[in-house]
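Visitor:
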Amino acid sequence: MTRSVYVVGVGVTKFAKPGTIGDYPEFGKQAVQEALVDAGVEYAVVQQAVCAYIAGDSTSGQRVLYQVGMTGIPIYNINNGGATGGSGLYLAKQLVEGGIIDVALVLGFEKMSFGALKTATLTDRASPYDIHVEKVLGLLKDAQPGVPMTALAFGNAGIEHMKKYGTTELHFAKIAAKNYRHASKNPKAYNSRECTVEEILSSRKIHGPLTKLQCCPTNDGASAAILMSHDAVVRYGLQRKAVEIIGMEMATDTPDVFENPTFMKITGTDMTRLAATRLYKKTGISPKQIDVVELHDCFSCNELISYELLQLCEEGQGGKFVDAGANTYGGQVVVNPSGGLIAKGHPLSATGVAQCAELCWQLRGEAGDRQVKGARIGLQHNLGLGGAAVVALYRKGFADHSVQAKL
Numbered sequence: 001m002t003r004s005v006y007v008v009g010v011g012v013t014k015f016a017k018p019g020t021i022g023d024y025p026e027f028g029k030q031a032v033q034e035a036l037v038d039a040g041v042e043y044a045v046v047q048q049a050v051c052a053y054i055a056g057d058s059t060s061g062q063r064v065l066y067q068v069g070m071t072g073i074p075i076y077n078i079n080n081g082g083a084t085g086g087s088g089l090y091l092a093k094q095l096v097e098g099g100i101i102d103v104a105l106v107l108g109f110e111k112m113s114f115g116a117l118k119t120a121t122l123t124d125r126a127s128p129y130d131i132h133v134e135k136v137l138g139l140l141k142d143a144q145p146g147v148p149m150t151a152l153a154f155g156n157a158g159i160e161h162m163k164k165y166g167t168t169e170l171h172f173a174k175i176a177a178k179n180y181r182h183a184s185k186n187p188k189a190y191n192s193r194e195c196t197v198e199e200i201l202s203s204r205k206i207h208g209p210l211t212k213l214q215c216c217p218t219n220d221g222a223s224a225a226i227l228m229s230h231d232a233v234v235r236y237g238l239q240r241k242a243v244e245i246i247g248m249e250m251a252t253d254t255p256d257v258f259e260n261p262t263f264m265k266i267t268g269t270d271m272t273r274l275a276a277t278r279l280y281k282k283t284g285i286s287p288k289q290i291d292v293v294e295l296h297d298c299f300s301c302n303e304l305i306s307y308e309l310l311q312l313c314e315e316g317q318g319g320k321f322v323d324a325g326a327n328t329y330g331g332q333v334v335v336n337p338s339g340g341l342i343a344k345g346h347p348l349s350a351t352g353v354a355q356c357a358e359l360c361w362q363l364r365g366e367a368g369d370r371q372v373k374g375a376r377i378g379l380q381h382n383l384g385l386g387g388a389a390v391v392a393l394y395r396k397g398f399a400d401h402s403v404q405a406k407l
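End of the sequence shown = 407 in UniProt numbering, gap-free, step of one.
1. Count the other CB atoms within 10 Å of the CB of Cys313; is the residue buried (16 or more) or exposed (fewer)?
2. Kindly list the residues whose CB is nearer than 7 Å to the CB of Ser203, restricted to its own chain and excluding five residues on each side of it in sequence; keep chain order.
3. Determine which residues share a DSSP beta bridge with residue 417 and list them.
4. Which residues in the same chain as Gln67 place their Cβ atom closer than 7 Å to its Cβ, once the five residues preceding and following it in sequence are excluded?
5. Name the DSSP beta bridge partners of Met112, please?
6. What ranges does the beta strand (DSSP E) occupy inside the UniProt domain "Thiolase C-terminal" (266 to 386), keeping only unbroken runs of at least 3 residues that lie completely in it?
7. Along the beta strand (DSSP E) that carries Lys93, what are the first and last residues, could you check?
8. Under three-state DSSP, which class holds residue 422?
9. Can you give me the Cβ contacts of Leu91 inside the same chain, cut-off strictly under 6 Å, excluding the 5 residues immediately before and after it?
10. I need the DSSP call for Ile100, collapsed to helix, strand or coil.
11. Taking one C-beta from the stretch 302 to 309 and one from the stretch 326 to 343 each time, how about it: are there three or more such pairs within less than 8 Å?
12. Let me know the secondary structure DSSP gives Asn77 once reduced to three states.
13. May I have a chain-ordered list of the alpha helix (DSSP H) segments no shorter than 4 residues that lie completely inside the stretch 145 to 230?
14. How far does the beta strand (DSSP E) with Gln48 in it extend, from its first residue to its last?
15. List the DSSP bridge partners of Ala35.
16. Please confirm whether Val226 and Ala39 have their CB atoms less than 9 Å apart.
17. Taking the C-alpha atoms as reference points, what is the distance between Pro337 and Arg63?
18. If you check the beta carbons only, do Gly11 and Glu42 fall under 9 Å apart?
19. Give every residue of the same chain whose Cβ lies closer than 6 Å to the Cβ of residue 415, excluding the five residues on either side of it in the sequence, and list them in chain order.
20. Just the C-alpha distance for Ala189 and Trp361, rounded to the nearest angstrom, thanks.
21. Return the bridge partner residues of Leu107 from the DSSP annotation.
22. If I measure Cβ to Cβ from Gly331 and keep anything under 6 Å in the same chain, skipping five residues before and after, which residues do I get?
23. Can you tell me where the alpha helix (DSSP H) holding Gly138 begins and where it ends?
24. In or out: residue 409 buried (at least 16 other Cβ within 10 Å) or exposed?
25. Just to confirm, are Val275 and Val390 a CB contact at a threshold of 9 Å?
26. If you count every other CB in all the chains shown that lies within 10 Å of the CB of Pro287, and 16 or more means buried, which is it?
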């Protein structure tokens with residue numbers, strides 16, 4: 001029998017330019033300490049920890065956590081691409097849900113380098129992305145010198161959507177402007193300056209519809225979350241803090257990605273759709289009941305495409321969804337109130353756990369100037385090429401769980 005799992009404490013550092021906030025042991029420790037203070041518990045209650053990072057050596061998690069406490073607990077170090085943070089949450093949830101432990105810590109952190117992400121760091125072996133890169137290059141009609149591979153893939157996914165559904169560059173720019181506007185109210189965000197649609201469209205062209213201000217930056221930063229079972233929440237008196245993870249699904253690529261490749265499939269549409277469909281079926285929650293969303297807007301076009309995959313709107317209706325203002329305050333659902341990856345920043349493995357933190361603050365009513373009024377159901381979407389997609393639903397725990405569909 002599975003058990004309910006709750007997030008009881010979260011911590012997020014400010015996301016910053018690489019090299020400007022110290023080394024990963026420092027800001028990793030800060031995130032963990034913030035989560036412990038938020039939960040009001042000591043590190044000694046943590047029974048197992050999952051540490052999520054990409055740019056680091058094999059036991060970097062221990063390097064961070066030994067500063068907080070050396071209690072001899074199991075510490076796992078994981079890497080799952082851009083979905084590493086969400087994958088850490090997924091693993092920790094299973095540990096608690098399955099009755100193996102009652103208290104888990106998830107830490108996501110990243111100390112990154114300036115510039116575009118590299119698809120591989122080792123030259124003496126196959127890249128984990130080599131087949132995906134081969135498919136991207138095979139779909140291209142012209143050589144694209146100097147364009148980062150991720151921008152190439154996602155930019156062309158945006159072009160595909162434009163050709164298929166009539167989406168425009170303006171729709172993508174509006175999404176970026178919305179996220180900068182949201183981030184201006186987030187003290188943890190990397191970019192706190194609002195950007196106009198005109199400024200976004202006139203910024204340096206990267207590829208296709210994407211300009212520089214529509215691409216997520218590389219950042220340093222960390223985030224942490226403490227997960228507990230129902231019994232542990234009661235034991236430590238954390239009912240008022242607890243946010244329930246209603247459900248969480250992870251999906252990976254299906255054969256169709258390689259057998260019938262398109263840019264949208266290569267950039268994870270099938271994974272996201274599959275994870276979301278499974279999640280709604282298992283939880284009985286409808287997309288219409290969702291109030292607030294933190295999704296993986298690594299590029300503005302991916303946010304729009306994800307609206308449809310997560311069933312926030314009908315397929316092909318993402319542009320109309322944007323034009324109606326349905327993705328922000330006063331609309332159907334508030335997407336990326338934190339500012340998202342584009343404006344809040346994207347320290348790869350910290351992103352998934354930071355999404356969880358933002359949803360917890362929103363559902364507790366603790367999000368300050370960016371609070372979504374009456375938020376009761378939150379959705380998280382964390383994506384990694386190569387590939388993995390994690391989609392989760394949250395609600396305030398130990399409260400009235402009778403959620404009515406929005407009219």
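Positions of the beta carbon are idealized from the N, C-alpha and C atoms, including for glycine.
Keep in mind it's a predicted model, so treat the numbers as computed, not measured.
Guide: From the atom records:
1. Within the sequence shown, numbered from 1, the residue matching residue 313 stands at position 313. Cys313 is buried by the Cβ-count criterion.
2. Your numbering for residue 203 matches position 203 in the sequence shown. Answer for Ser203: Thr211, Lys212 and Leu213, listed in chain order.
3. Outside the shown range of the chain, which is 1 to 407, sits residue 417, and nothing can be said about it.
4. Against the sequence shown, residue 67 aligns to sequence position 67. Taken in chain order, the residues that qualify are Pro25 and Lys29.
5. Here residue 112 is taken as the residue at index 112 of the sequence shown, counted from 1. In DSSP, Met112 forms no bridge with anything.
6. 292 to 294 and 377 to 384
7. Mapped onto the sequence shown, residue 93 falls at position 93. Lys93 -> not in any beta strand (DSSP E); alpha helix (DSSP H) instead, spanning Thr84 to Glu97.
8. Residue 422 lies beyond the stretch modelled for the chain, which goes from 1 to 407, so this question has no answer here.
9. If you number the sequence shown from 1, residue 91 lands on position 91. Contacts found: Val50.
10. Position 100 of the sequence shown, counted from the start, is the residue given in the question as residue 100. Coil.
11. yes
12. Walking along the sequence shown from the start, residue 77 turns up at place 77. Looking at Asn77 - three-state DSSP - the assignment turns out to be strand.
13. 149 to 165, 169 to 183 and 197 to 202
14. Walking along the sequence shown from the start, residue 48 turns up at place 48. Start and end: Gln48 to Ala52.
15. The count along the sequence shown starts at 1 and reaches residue 35 at position 35. The partner list for Ala35 (beta bridge, DSSP) is empty, contrary to what the question assumes.
16. Position 226 of the sequence shown, counted from the start, is the residue given in the question as residue 226. Position 39 of the sequence shown, counted from the start, is the residue given in the question as residue 39. Here residue 226 is Ile; the residue named in the question, Val, does not match the sequence. Yes, these two residues count as a Cβ contact at 9 Å.
17. Residue mapping note: residue 337 aligns to position 337 of the sequence shown, counting from 1. Residue mapping note: residue 63 aligns to position 63 of the sequence shown, counting from 1. Distance between the alpha carbons of Pro337 and Arg63: 32 Å.
18. By one-based count along the sequence shown, residue 11 stands at place 11. By one-based count along the sequence shown, residue 42 stands at place 42. Not a contact, by the Cβ cut-off of 9 Å.
19. This structure gives no information on residue 415, because the portion of the chain shown stretches from 1 to 407.
20. For this step, residue 189 is matched to residue 189 along the sequence shown. For this step, residue 361 is matched to residue 361 along the sequence shown. So the alpha carbons of these two residues sit roughly 15 Å apart.
21. If you number the sequence shown from 1, residue 107 lands on position 107. Paired residues: Cys51 and Ala224.
22. Here residue 331 corresponds to residue number 331 of the sequence shown, with the count starting at 1. Result list for Gly331: Gly325, in chain order.
23. As a first step, residue 138 is located in the sequence shown; it is residue number 138 there, counting from the start. Counting along the chain, the alpha helix (DSSP H) containing Gly138 begins and ends at Asp130 to Leu139.
24. Look at the range of the chain in this structure, 1 to 407, and you will see that residue 409 is not part of it.
25. To locate residue 275, count along the sequence shown from 1; it is residue 275. To locate residue 390, count along the sequence shown from 1; it is residue 390. Contrary to the premise, residue 275 reads as Ala rather than Val in this sequence. In this structure, Val390 lies closer than 9 Å to Ala275 by Cβ.
26. Position 287 of the sequence shown, counting from 1, holds the residue named residue 287. Answer is buried; the Cβ neighbour count reaches 16.
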